[in-house]
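A quick write-up on the structure given underneath.
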Amino acid sequence: MLIERIVQEAIEDFMPESSDIKELEDFLKTFQTYFFRLQIKNLQKRDRVPFTVDLTSEDFDMIIDDFVREPEVHTGLRKLKKLEKFRFSNGVASNIQLGILSREFIAHEFLKELNFSYNFIDDESCDPIGQLIMSSCPLEVLILKYNKIADDGAITIASALSINKKLRKLDVSLNWIGNKGGKFLAKVVSNLTHLEDINISNNKLGPEAGLAFAEAIKTSKSIRSLSIAENRIGKEVGRHFSDAVAENSIILNLEIKFCSFSAEDEDFIHRVLIKNRTSLTYEKYVMEQKNVTASEYVI
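Just so you know, we're using the working numbering here: the sequence shown kicks off at 36 and counts up by one.
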């Protein structure tokens, strides 16, 4: 038993990256007659194990801690190949760090949902996010809720969307987007064939942006859900939304509360949505929204 313990300790103390395997082999030859007891047939240097992370383990917390402290030298996120959903919110990181994160994800092959809500992203900080949207990253959901994105930032995101062919959901609610950015975004999304869900509620949209989104609803072949709630759009624009939904059989959700629409227009829009939801399209849409299979990490 003593010899077995000595041999076992020698093997356990062996470090592939720093120890000399020949030295260990020579040492073990001393106990060659006892090898049959330990069933040792051969010693092979193992290949370096790729960096892998269980997304519920403390290892991932350590990676993010390192990133927050030294973002300029951090490259670990690119290696998280199984990561499909990532949320970095509540002002944990600076805009510089969020920009670095966005650039890291450009080369990611599996990321499908990115949530940067409740941070301090401004117009300038939207540039790396735009680069991510235009990249080959298979991003399908982008949530930028409650930031400081204004017109120029919205234009940056919309310009990137005109190239993107994968994004299905965009949430820019609770920002500072006005008529200029809203009109540009509405014009872009009206021509997209893949974007299904848009939330631009609680911004600074006025009648001009409202009219643009009404036209987007009228002509879009992909939008299933639009939230423009709590924007100062006005009663006159409500009529245009009524006309738009009347010509759109695929719109299933339209949030318009506190937009100053007339009761008649709100009632008409609601009845059209009910009619559209009776189709199998709505059932399929709801099931797709509930079908969450992605790995997820939340900060």
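Here a beta-carbon is modelled for each residue, glycine too, at the ideal position from N, C-alpha and C. Please read all numbers here as calculations on a predicted model, not as lab measurements.
Quiz item: Nearest CA to the CA of lysine 117: which residue from Asn150, Ile135, Lys64, Pro173?
Solution: Your numbering for residue 117 matches position 82 in the sequence shown. For lysine 117, the nearest C-alpha among the options comes from Pro173.
Quiz prompt | alpha helix (DSSP H) runs wholly inside the segment 176–212, at least 4 long, in chain order | solution = 186–196
Quiz prompt | Segments assigned alpha helix (DSSP H), at least 4 residues, entirely inside the segment 233–277 | solution = 242–254
Practice problem: Could you say which of Ala279, Lys292, Ile178 lies nearest to serine 225 if we only look at CA atoms? | Solution: Residue mapping note: residue 225 aligns to position 190 of the sequence shown, counting from 1. The shortest C-alpha separation from serine 225 is found at Ala279.
Self-check item: Neighbourhood of glycine 213 by C-beta distance below 8 Å, restricted to the same chain and skipping five residues each side
Solution: Taking the sequence shown and counting its residues from 1, one reaches residue 213 at position 178. Correct list, in chain order: Ala185, Asp186, Asn238, Lys239, Leu240, Gly241, Ala244.
Quiz item: Nearest CA to the CA of tryptophan 211: which residue from Tyr181, Lys222, Arg203?
Solution: The count along the sequence shown starts at 1 and reaches residue 211 at position 176. Out of Tyr181, Lys222, Arg203, Tyr181 has the C-alpha closest to the C-alpha of tryptophan 211.
Exercise. Count the other CB atoms, across all protein chains shown, that sit within 10 Å of the CB of serine 284; report buried if there are 16 or more and exposed otherwise.
Key: The sequence position of residue 284 within the sequence shown is 249, counting from 1. That one is exposed.
Exercise. Using alpha carbons as the reference points, say which of Ser262, Glu282, Asn234 lies closest to serine 255.
Key: Residue numbering aside, residue 255 sits at position 220 when the sequence shown is read from its first letter. If we check each option's Cα against that of serine 255, Glu282 comes out closest.
Self-check item: Spatial neighbours of serine 314 in its chain, beta-carbon cut-off 7 Å, leaving aside the 5 residues before and after
Solution: Within the sequence shown, numbered from 1, the residue matching residue 314 stands at position 279. Here the set comprises nothing.
Practice problem: Please report how far the alpha carbon of arginine 203 lies from the alpha carbon of leucine 220, in whole angstroms. | Solution: Taking the first residue of the sequence shown as 1, we reach residue 203 at position 168. Taking the first residue of the sequence shown as 1, we reach residue 220 at position 185. Between arginine 203 and leucine 220, the C-alpha separation is close to 15 Å.
Quiz item: Within 10 angstroms of its Cβ, does serine 171 collect 16 or more other Cβ (buried), or is it exposed?
Solution: Reading the sequence shown from its first residue, position 136 is the one you call residue 171. Looking at its Cβ environment, which holds fewer than 16 other Cβ atoms inside 10 Å, serine 171 is exposed.
Quiz item: Nearest to alanine 142 by CA position, among Leu133, Gln166, Ser129, Cys161, is which residue?
Solution: Taking the first residue of the sequence shown as 1, we reach residue 142 at position 107. Of Leu133, Gln166, Ser129, Cys161, the residue nearest in Cα terms is Gln166.
Quiz item: Nearest CA to the CA of phenylalanine 296: which residue from Arg306, Asn266, Lys310, Ile309?
Solution: Counting from one through the sequence shown, the residue named residue 296 turns up at place 261. It is Asn266 whose Cα lies nearest to the Cα of phenylalanine 296.
Quiz item: Exposed or buried, which one is aspartate 302 when buried takes at least 16 other CB atoms within 10 Å?
Solution: The residue you call residue 302 lines up with position 267 of the sequence shown. By the 16-neighbour rule on beta-carbons within 10 angstroms, aspartate 302 is exposed.
Quiz prompt | Sub-8 Å separation of isoleucine 252 and isoleucine 198 beta-carbons | solution = The count along the sequence shown starts at 1 and reaches residue 252 at position 217. The count along the sequence shown starts at 1 and reaches residue 198 at position 163. The Cβ atoms of isoleucine 252 and isoleucine 198 lie no closer than 8 Å to each other.
Self-check item: Identity of the residue in Ile178, Gly273, Ile235, Thr228 nearest leucine 149 by Cα
Solution: Walking along the sequence shown from the start, residue 149 turns up at place 114. Here the closest residue by C-alpha is Ile178.
Practice problem: Taking leucine 227 and leucine 196 to be in contact with their CB atoms under 8 Å, please state how far apart those CB atoms are, rounded to whole angstroms. | Solution: For the purposes of this step, residue 227 is taken as the residue at position 192 of the sequence shown. For the purposes of this step, residue 196 is taken as the residue at position 161 of the sequence shown. About 7 Å separates the two Cβ atoms, so the contact holds.
Practice problem: Mind checking which residues open and close the beta strand (DSSP E) that includes phenylalanine 121? | Solution: Position 86 of the sequence shown, counting from 1, holds the residue named residue 121. Run containing phenylalanine 121: 120–122, per the beta strand (DSSP E) assignment.
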